[in-house]
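Read left to right, the sequence shown gives residues 6 to 328 (our numbering). Built from N, CA and C at the ideal position, the CB exists for glycine as well. Computed from a prediction, not measured in an experiment: that's the story for all the values here. The structure appears right after this line, and notes come after that.
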Amino acid sequence: MPTRLFYHKTPVIKTQNSTMMKRYYLLLSLAAGLSVISSCRRDYIYGDITPNTDRVIVEFFDGKNAKDVAMDYATGVIKVDVAQLQFMVRSTVNSNATVKVVGDPTIVSDYNTANGTSYTPVPGGLFALDPSDIELTPSERKKNVSIRINPGNVATGEWAIGLKIVSTTQGEISQTSSRIVVVLHVKNKYDGKYHLKGFYTRTDNPAYNGPFETDVEMITTGPNSVAMYWPDFGDFYQPFSNAGSLTAFSNVAPEAFFNAGDQVTSINNFTGDPVAGPFMTPSPGANSRFVPGATPVIYLKYYYNTNPANRIFADTLIYTGSR
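This is the structure in structure tokens:
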């Protein structure tokens, strides 16, 4: 706001008393202003505050954001916590509330549209809320929302579950945090993002023969196996160089299986191609393995088809982070 200047026809005489009074009123004004600012700020702080409204509101904690949930790979049904349900922290609560939560795949679709993602909604037959009716109490204002699911059914691909609150026996449902998207990740210890440095031996095609380098993801396919996914091409591939340009065969993508000692015991073609698929073999004596540590590394050397001296991929995968 621009400053207004007031002009007086007669000079204003400044005295020591008038100056002190002005300072006094100025301090009072500043104190009042700070009080107003503090009051305003308190309205926007939602952590560790005293409940101060009689409106009882139930909501998902952090319901405005998608929640990532990681699960270890398993072949049976497990129970996993996927979200939290709560009374709004400002609500004064004197009685219990039974809150019903259901799955809704359209929530995932709406999230995809709004955020440019492509998560696949988990079909209702592949998971179950346990329980779907959750009781909140004055002493337990926040509780976990749990599901039962077989991680093996959602180990590959991008899966998410949409949940919503449909009823409460006390109070009202939040207008802003009644829905939540839960993004599921199934991982074993080999899973992650890797920087790939490799060499493709192809004696019958010099353009293919040579080094290559790119970023890939190793995605969990079982309790002790991962398959190579190339984000640049958006699918499971083994990258290589064609006369200096990165490319890939549509029917070659390694799926590595490890034993308890982290040695590669076998390699499958994850594309399922009947021609190349049966013939992926770890190169003898190459010591293909996973090396744990601060920066894990996977060494993977294999050939496909029947000639161990040709069509050989030698990959060194350096871990860069979780996916």
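How many Å lie between residue i and residue j at the Cα?
{"i": "D109", "j": "D135", "result": "16 Å"}
{"i": "A212", "j": "L251", "result": "11 Å"}
{"i": "K368", "j": "K306", "result": "Outside the displayed range of the chain (6 to 328) lies residue 368, so it cannot be described from this structure."}
{"i": "K84", "j": "A314", "result": "48 Å"}
{"i": "K72", "j": "A119", "result": "16 Å"}
{"i": "Y309", "j": "T325", "result": "27 Å"}
{"i": "I272", "j": "K169", "result": "42 Å"}
{"i": "A248", "j": "R207", "result": "12 Å"}
{"i": "F334", "j": "Q180", "result": "Any question about residue 334 goes unanswered here, given that the chain covers just 6 to 328."}
{"i": "D240", "j": "Y234", "result": "6 Å"}
{"i": "A105", "j": "E260", "result": "With the sequence shown as reference, residue 105 is identified as Lys, and Ala is not the correct amino acid for it. Spanning the two alpha carbons is a distance of roughly 42 Å."}
{"i": "S172", "j": "F132", "result": "21 Å"}
{"i": "M93", "j": "R60", "result": "9 Å"}
{"i": "N264", "j": "N117", "result": "38 Å"}
{"i": "P297", "j": "S100", "result": "52 Å"}
{"i": "D320", "j": "N158", "result": "29 Å"}
{"i": "E218", "j": "V231", "result": "19 Å"}
{"i": "F65", "j": "L322", "result": "40 Å"}
{"i": "K148", "j": "V63", "result": "11 Å"}
{"i": "N229", "j": "V187", "result": "25 Å"}
{"i": "G121", "j": "S114", "result": "10 Å"}
{"i": "V277", "j": "N70", "result": "Just to set this straight, residue 277 is Gly in the shown sequence, not Val. Their backbone Cα atoms lie some 37 Å apart in a straight line."}
{"i": "K192", "j": "G227", "result": "9 Å"}
{"i": "D267", "j": "P236", "result": "25 Å"}
{"i": "I178", "j": "S293", "result": "55 Å"}
{"i": "V269", "j": "N214", "result": "24 Å"}
For residue i, count neighbouring Cβ atoms within 10 angstroms of its own Cβ and tell me buried if that reaches 16, exposed if not.
{"i": "T311", "result": "exposed"}
{"i": "A75", "result": "exposed"}
{"i": "P287", "result": "buried"}
{"i": "C68", "result": "Sequence check: residue 68 is Gly here, not Cys. Buried: at least 16 other Cβ atoms inside 10 Å."}
{"i": "Q243", "result": "buried"}
{"i": "S255", "result": "exposed"}
{"i": "P216", "result": "exposed"}
{"i": "D209", "result": "exposed"}
{"i": "T142", "result": "exposed"}
{"i": "T225", "result": "buried"}
{"i": "E145", "result": "exposed"}
{"i": "S327", "result": "exposed"}
{"i": "S123", "result": "exposed"}
{"i": "R184", "result": "buried"}
{"i": "E140", "result": "exposed"}
{"i": "R316", "result": "buried"}
{"i": "V107", "result": "exposed"}
{"i": "A160", "result": "buried"}
{"i": "A299", "result": "exposed"}
What are the start and end residues of the beta strand (DSSP E) that includes residue i?
{"i": "G197", "result": "G197 to T206"}
{"i": "Y234", "result": "S230 to W235"}
{"i": "A79", "result": "Segment: none, A79 is in no beta strand (DSSP E) and carries neither H nor E."}
{"i": "N210", "result": "It is not in any beta strand (DSSP E) - N210 carries neither H nor E in the DSSP assignment."}
{"i": "F65", "result": "I62 to F65"}
{"i": "Y307", "result": "V302 to Y308"}
{"i": "P216", "result": "G215 to G227"}
{"i": "T173", "result": "W164 to T173"}
{"i": "P244", "result": "P244 to N247"}
{"i": "F318", "result": "I317 to G326"}
{"i": "V188", "result": "R184 to K192"}
Would you grab the beta carbon distance between residue i and residue j for me? Rounded to a whole angstrom, and I think it's under 8 Å.
{"i": "N155", "j": "V82", "result": "5 Å"}
{"i": "G167", "j": "I112", "result": "3 Å"}
{"i": "F275", "j": "A253", "result": "Not really, about 12 Å apart at Cβ, beyond 8 Å."}
{"i": "V127", "j": "L90", "result": "Going by Cβ atoms, the distance from V127 to L90 rounds to 19 Å, so no, they are not a contact pair."}
{"i": "T103", "j": "T58", "result": "That belief does not hold up - the Cβ atoms of T103 and T58 are roughly 21 Å apart, past 8 Å."}
{"i": "W164", "j": "L189", "result": "5 Å"}
{"i": "M223", "j": "G197", "result": "6 Å"}
{"i": "P301", "j": "F295", "result": "7 Å"}
_List, from N- to C-terminal side, the beta strand (DSSP E) runs of 3 residues or more that fit wholly inside the region 252 to 294._
259 to 263 and 269 to 274
_What ranges does the beta strand (DSSP E) occupy inside the region 84 to 157, keeping only unbroken runs of at least 3 residues that lie completely in it?_
102 to 108, 132 to 134, 138 to 141 and 147 to 154
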